[in-house]
Structures are given as C-alpha cells and as structure tokens.
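> Please find one structure pasted underneath; my questions will follow.
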C-alpha cells in the first residue's frame, strides 16, 4: 500500500493525505456499510453511509454515524431494498461533507466491511473524484474471514452461506433487518467480534 500511496503523492488532496499520515492503531476498527442505487460503482450513487467504531473488543456507539447522501439520481427500484425514498434523500448531506466526516472517523483505524468489494468500489470512486486518489486505507472483510474459516474446516459453501445474516447465525447472533446501512454496520461489527473470539 505504501508504494501505491507514493504513486499518488503529487496528486492526492490534503484531506486524504492527512488521513494516510495517521496509521491504524492496534485493535481500533471502523466498521462501514453503504447503501446504493445501483450495483455499478461507475454509474450509481451512494444513498447512505454508516459506520460503527470498535475499540479492542467493544463497540462504541457514540462514535457511530448514519448519514443520508444528497444525490443527483433517483433511488428508483433500489428503494425496495433500503427503503429510502428520494424525498428523504433530499434532506441528506452533500457527498463531499459526508466523505469529510468519514475520513475524520477513519483516521487511525482499520476499515471493516462485509463483502468489501462493492463498498470499496463506490468509496474509491468517490475518493478519486473528490481527492484525486483511491482511499488506499487498510481494511478487512468479515466475509473473507468466514470463507477462509469454512475452507480450513473443509465445510462446503453453498449459495447464501456467506451472506451477513447467515454468517451471524453460525455464531448465535440475532437477526437484524437487512439493507439499512447502520443496521448492517452494527451487525458486521458484532460478527467481527464473534470471529475474533473464535479465532483467538
């Protein structure tokens, strides 16, 4: 990651560069989830962004946030998943303000996602647009942790086994309503702590 940051040293904005200058502290995480109006990070928009802080083995809700993002596109059919309507989104914050708050929260922490591929694609698209570089922040993926654990135990993995709810169920964690960014971030934070306990 250091060499990737070096490549962007002359282009990256001061805001993102300042975040890079704060390396993640041991056992400090920021669990992140986004809701979008599309699965295509190049065409779609982030509708909402939420994060939950984890310090060591504690979820710190006072350092958590759930923000609606003001956008130019309609939520269209995606409203059937995240239940956010255009009228609600119109009360959101401009994306540059949301990302500034996100960077401030992420500084000094390792990001955590459940299925990082989609979320990071959208966040990197925004970061390139706003800060002239991808995020290039360290992250872990609870889906990949679970997948590797099951593979080591020679457990078969069938469709749906790695969904957030299915992963939580294997640890005896309760079911939460899905497709709400804050609920999913909190659910992922709880899954992370359960995985850490099992893998310790």
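Residue numbers (full-length UniProt numbering): 1 to 200. All C-beta atoms, glycine included, are put in the ideal place defined by N, C-alpha and C.
1) Between residue 133 and residue 12, which are expected to be in contact by the criterion C-beta below 8 Å, what is the C-beta distance as a whole number of angstroms?
2) Could you name the residues of the same chain whose beta carbon sits closer than 6 Å to that of residue 183, not counting the 5 residues immediately before and after it, in chain order?
3) Please state whether DSSP places residue 140 in a helix, a strand or coil.
4) Roughly how many whole angstroms lie between the Cα atoms of residue 25 and residue 108?
5) In or out: residue 117 buried (at least 16 other Cβ within 10 Å) or exposed?
6) Check the DSSP bridge columns for residue 51 and list the partner residues they point to.
7) Beta-carbon separation of residue 185 and residue 171 under 7 Å?
8) Pairs of beta-carbons, one from the segment 63 to 73 and one from the segment 88 to 101, closer than 8 Å: are there three or more?
9) Taking DSSP's pairing of strands, which residues face residue 113 in a bridge?
To lay it out plainly:
1) Translated into the one-based positions of the chain shown, residue 133 becomes position 133. Translated into the one-based positions of the chain shown, residue 12 becomes position 12. Contact flag correct, Cβ pair sits at about 4 Å.
2) Position 183 of the chain shown holds residue 183. The beta carbon of residue 183 sits closer than 6 Å to the beta carbons of 176, 177 from its chain, once the five residues preceding and following it are set aside; these are given in chain order.
3) Position 140 of the chain shown, counted from the start, is the residue given in the question as residue 140. Looking at residue 140 - three-state DSSP - the assignment turns out to be strand.
4) To locate residue 25, count along the chain shown from 1; it is residue 25. To locate residue 108, count along the chain shown from 1; it is residue 108. Distance between the alpha carbons of residue 25 and residue 108: 6 Å.
5) Position 117 of the chain shown holds residue 117. Per the 10 Å Cβ criterion, exposed.
6) The sequence position of residue 51 within the chain shown is 51, counting from 1. Partner residues in the beta bridge of residue 51, as assigned by DSSP, are 32, 65.
7) In the chain shown, counting from the first residue as 1, residue 185 sits at position 185. In the chain shown, counting from the first residue as 1, residue 171 sits at position 171. It is not a contact, given that the beta carbons lie outside the stated cut-off.
8) Flag = yes, the segment 63 to 73 and the segment 88 to 101 touch.
9) Numbered from its first residue, the chain shown carries residue 113 at position 113. Note: residue 113 sits in a beta bridge opposite 141.
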